[in-house]
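A quick write-up on the structure given underneath.
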Amino acid sequence: MKIWLGGARGSFAVSGPEYGRHGGDTFAMLVEGQDGAQLLLDAGSGVRRLLSRLRADYVLYFTHTHLDHLLGLPLLENKWPRQLVLPRGDLAATLARVFSPPIWPVTLSTADYSVPAMQAAVGGLVIRWHEVAHPDGCVAYRVDEPATGESMVVATDCEWPAMAPAAQESFVKFAHGADLLVFDAQYLPEEYPAHRGWGHSTWADAVAVAQRCAAKRLWLIHHKPKRTDAELAALGAAAAAVFPGATVPVPD
550 MKIWLGGARG SFAVSGPEYG RHGGDTFAML VEGQDGAQLL LDAGSGVRRL
600 LSRLRADYVL YFTHTHLDHL LGLPLLENKW PRQLVLPRGD LAATLARVFS
650 PPIWPVTLST ADYSVPAMQA AVGGLVIRWH EVAHPDGCVA YRVDEPATGE
700 SMVVATDCEW PAMAPAAQES FVKFAHGADL LVFDAQYLPE EYPAHRGWGH
750 STWADAVAVA QRCAAKRLWL IHHKPKRTDA ELAALGAAAA AVFPGATVPV
800 PD
């Protein structure tokens, strides 16, 4: 299983020298199985970094439809996915509402929109989903590749403290033993009280989840938009001091 990160920022894209290492793009991630099957997770502005890697038959799975996770869709017009997937809600109606006049001058390409079962597959990649706490709803995905025994879980937008104990335990079972956990770390612990109910976690929450899930590695993502490279380095160091497998990934 190969993984490329296009963007890891949350809420909105930014630019400037202080964001040079980690970039200013919003979330997009490409997963490729050993058979060449490709799964694109979300379509934030970070898809621009992934365009050259996309094959003709990739599938796009959305975690949810907030703008920071779909504003890169127009960039895919010449490399449109064979299928767009969202486990909850009416994806086709939502995208048509955003990407049509007068908000956007060009309508999106015709596509196969799908609402999957609790388990689906893209080539040799097996995909499952789990609901997490976020305004308007959001899902986390688990991607397993039985042929290699590799696994990853991505929870881009998840307010861990807002999940009931039973929901937390269900997620822990869902994500247990993942080789890689990619988790929302938008806030510092001291920032969270002022943002309670906004739908995001702290790096300390992400570390705690990784420990409970017995994940091998942890990628901290969905950064507060104006979190600088220096601040992200400090955040990553603090997380790694508690969970050695934690890191703030650099987009490809």
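For the numbering used here, count along the sequence shown from 1 and bump the result up by 549.
Think of the CB as a built atom: it goes at the ideal place given N, C-alpha and C, for glycine as much as any other residue.
Note that the coordinates shown come from a computational prediction; the quantities given were computed from them, not determined experimentally.
Exposed or buried, what is residue i when buried is set at 16 or more other beta-carbons lying within 10 Å of its beta-carbon?
{"i": "ARG558", "result": "buried"}
{"i": "VAL580", "result": "buried"}
{"i": "LEU616", "result": "exposed"}
{"i": "GLY746", "result": "exposed"}
{"i": "TYR666", "result": "It is Ala, not Tyr, that sits at residue 666 in the sequence shown. So ALA666 ends up on the exposed side."}
{"i": "ALA790", "result": "exposed"}
{"i": "LYS773", "result": "buried"}
{"i": "ARG598", "result": "buried"}
{"i": "TRP768", "result": "buried"}
{"i": "ILE652", "result": "exposed"}
{"i": "GLU718", "result": "exposed"}
{"i": "ARG776", "result": "buried"}
{"i": "ASP754", "result": "buried"}
{"i": "ALA788", "result": "buried"}
{"i": "VAL756", "result": "buried"}
{"i": "GLY739", "result": "Residue identity check: residue 739 is Glu in the sequence provided, not Gly. Label assigned to GLU739: exposed."}
For residue i and residue j, which I take to be in contact (beta-carbon distance under 8 angstroms), what is that distance rounded to the nearest angstrom?
{"i": "TRP706", "j": "HIS613", "result": "The sequence shown places Asp at residue 706, rather than the Trp named in the question. Going by Cβ atoms, the distance from ASP706 to HIS613 rounds to 6 angstroms, so yes, they are a contact pair."}
{"i": "PRO800", "j": "GLY569", "result": "In fact, because the Cβ distance is near 11 angstroms, the residues do not count as touching under 8 angstroms."}
Out of the options, which one is the CA nearest neighbour of residue i?
{"i": "THR751", "options": "PRO793, LEU781, GLU708 and ALA789", "result": "GLU708"}
{"i": "PHE611", "options": "TYR568, GLU740, ALA689 and GLY673", "result": "ALA689"}
{"i": "ASP584", "options": "PRO630, GLY672 and MET712", "result": "GLY672"}
{"i": "ALA716", "options": "HIS679, VAL791, VAL799 and VAL596", "result": "HIS679"}
{"i": "ALA660", "options": "ASP728, ALA759, ALA642 and VAL675", "result": "ALA642"}
{"i": "ALA696", "options": "ALA783, HIS744 and LEU674", "result": "LEU674"}
{"i": "GLN668", "options": "THR796, PHE648, ARG761 and VAL692", "result": "VAL692"}
{"i": "VAL502", "options": "LEU590, LEU600, GLU740 and ALA782", "result": "Absent from the structure is residue 502, since the part of the chain shown begins at 550 and ends at 801."}
{"i": "VAL563", "options": "GLY638, ARG766 and PHE576", "result": "PHE576"}
{"i": "GLY794", "options": "ARG766, GLU694, ALA670 and ALA592", "result": "ARG766"}
{"i": "ASP728", "options": "MET701, ARG761 and ALA645", "result": "MET701"}
{"i": "LEU657", "options": "ARG637, GLY638, HIS618 and ASN627", "result": "ASN627"}
{"i": "ILE676", "options": "LEU640, VAL608, PHE648 and GLU740", "result": "VAL608"}
Name the DSSP beta bridge partners of residue i, please?
{"i": "HIS772", "result": "ARG558"}
{"i": "CYS687", "result": "VAL681"}
{"i": "GLN587", "result": "GLU581"}
{"i": "LYS551", "result": "GLU581"}
{"i": "TYR610", "result": "LEU590 and VAL634"}
{"i": "GLU694", "result": "GLU699"}
Please determine whether the Cβ atom of residue i lies at a distance below 7 angstroms from any heavy atom of the ligand ATP.
{"i": "LEU635", "result": "Questions concerning the ligand ATP fall outside what the structure shown contains, since it holds no ligand whatsoever."}
* Secondary structure, alpha helix (DSSP H): runs of 4+ residues fully inside the region 620–674 -> As summarised for the region 620–674, the continuous alpha helix (DSSP H) elements at least 4 residues long and confined to that stretch are 640–647, given in chain order.
* **Contiguous beta strand (DSSP E) assignments of at least 3 residues, all confined to the region 699–777** => 699–704, 729–733 and 766–770, all fully within the region 699–777.
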